[in-house]
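Engineer: Could you have a look at this structure, given as structure tokens, before my questions?
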Amino acid sequence: MSHRNFQRVIKSRAPRPGARNNARVPPRWRNELERILISDEQIARRIRAMSRDIARDYASRELVVVSLLNGTVMFLADLIRNLSLPLRLDFIGVSSYGAGTESGELVFTKELRLSVRGRDVLLVDDILDTGKTLYRVLGKLRALKPRRIKTCVLLNKAARRIEAVEADYVGFEIPDLFVVGYGLDFAERYRNLPFVGVLHPHVYRQASQRIAPARRRKTCARGCD
Ligand code: 5GP
Ligand code: MG
């Protein structure tokens, strides 16, 4: 199967979760969250299937998993605990400093420590949005001469793409909504939610009003890594 066809098969399998989900926002979060987009059960089921696909594709190879901090914490933990493969793990820290929910300038906050030269790399991120982050990180990794790089994201917002980047493994295709939970944050909050939820727009509108324009570039107002 050609690489392009392979990507199409994987992508067409990624579910669109919204319609089939009856989960209710816990009372504690009702003022801040509009609804649950993807429940913890849906996430768990999908990650088991993704892990099976990855394990099959990398059978008999030793993988280096490179995960982007901080948004991948929960996804990564659940993904690799389901992966019955020998693997090594490393992290790249990358933050997008911008105001509100729009991404801004990318800053690397932690560099890779393991050598990936000649290795099979699986690059893991929380969400593929404009594609700017993966585009930059893929450029950086390719310069280190790995044997092959594949990408794996929990969420894909295809409608927002600016850079020509697609992921090889996609958990869920989602519409153009700002989501939080399961590692994803807004202003460093909500990462601990066990599900992916849609933030009430009033939350990020209020936050961006509180941050004076002069401070915005220094403040990761969207908590966007
Ligand atoms: P990019 O636009 O470069 O593809 O995505 C940049 C980063 O912005 C993602 O890795 C993620 O951390 C963050 N991001 C993009 N969309 C969302 C979203 O809906 N919610 C949250 N919390 N972060 C997002
Ligand atoms: Mg991220």
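The sequence shown begins at 44 in this note's numbering and counts up one residue at a time. Note that beta-carbon positions come from the ideal geometry of N, C-alpha and C, so glycine has one too. Predicted model only: the values in this text are computed from it and were never measured.
Are the beta-carbon atoms belonging to LYS193 and LEU165 less than 7 Å from one another?
Structural biologist: Position 150 of the sequence shown, counted from the start, is the residue given in the question as residue 193. Position 122 of the sequence shown, counted from the start, is the residue given in the question as residue 165. Going by C-beta atoms, LYS193 is nearer than 7 Å to LEU165.
Engineer: Determine the contact status of ARG121 and ILE90, defining contact as a CB-CB distance below 7 Å.
Structural biologist: For the purposes of this step, residue 121 is identified with residue 78 of the sequence shown, where counting begins at 1. For the purposes of this step, residue 90 is identified with residue 47 of the sequence shown, where counting begins at 1. In the sequence on display, residue 121 carries Asp and not Arg. Yes, they are a contact pair.
Engineer: Can you tell me whether DSSP reads ARG104 as helix, strand or coil?
Structural biologist: As a position in the sequence shown, residue 104 is number 61, starting the count at 1. In this structure, ARG104 counts as coil in the three-state DSSP scheme.
Engineer: Taking 6 Å as the cut-off, does the CB of THR115 come closer than this to any heavy atom belonging to the ligand 5GP?
Structural biologist: Mapped onto the sequence shown, residue 115 falls at position 72. No - the ligand 5GP has no heavy atom lying nearer than 6 Å to the Cβ of THR115.
Engineer: For LEU128 versus TYR101, is the C-beta distance shorter than 7 Å?
Structural biologist: For this step, residue 128 is matched to residue 85 along the sequence shown. For this step, residue 101 is matched to residue 58 along the sequence shown. Their beta carbons are under 7 Å apart, which means LEU128 touches TYR101 by this criterion.
Engineer: Under 6 Å from any heavy atom of the ligand ADP, does the C-beta of PHE221 make it?
Structural biologist: This structure lacks the ligand ADP; the ligands present are the ligand 5GP and the ligand MG.
Engineer: Would you check if the distance between the CB atom of GLN94 and the CB atom of ASN125 is smaller than 7 Å?
Structural biologist: Along the sequence shown, read from residue 1 onward, the residue named residue 94 stands at position 51. Along the sequence shown, read from residue 1 onward, the residue named residue 125 stands at position 82. Contrary to the premise, residue 94 reads as Ser rather than Gln in this sequence. Yes, the pair counts as a contact, with Cβ atoms nearer than the cut-off.
Engineer: Based on the DSSP output, what are the partners of TYR212 in its beta bridges?
Structural biologist: Translated into the one-based positions of the sequence shown, residue 212 becomes position 169. The partner list for TYR212 (beta bridge, DSSP) reads CYS195.
Engineer: So, using beta-carbon positions, are VAL107 and ARG162 closer together than 7 Å?
Structural biologist: Within the sequence shown, numbered from 1, the residue matching residue 107 stands at position 64. Within the sequence shown, numbered from 1, the residue matching residue 162 stands at position 119. Their beta carbons are under 7 Å apart, which means VAL107 touches ARG162 by this criterion.
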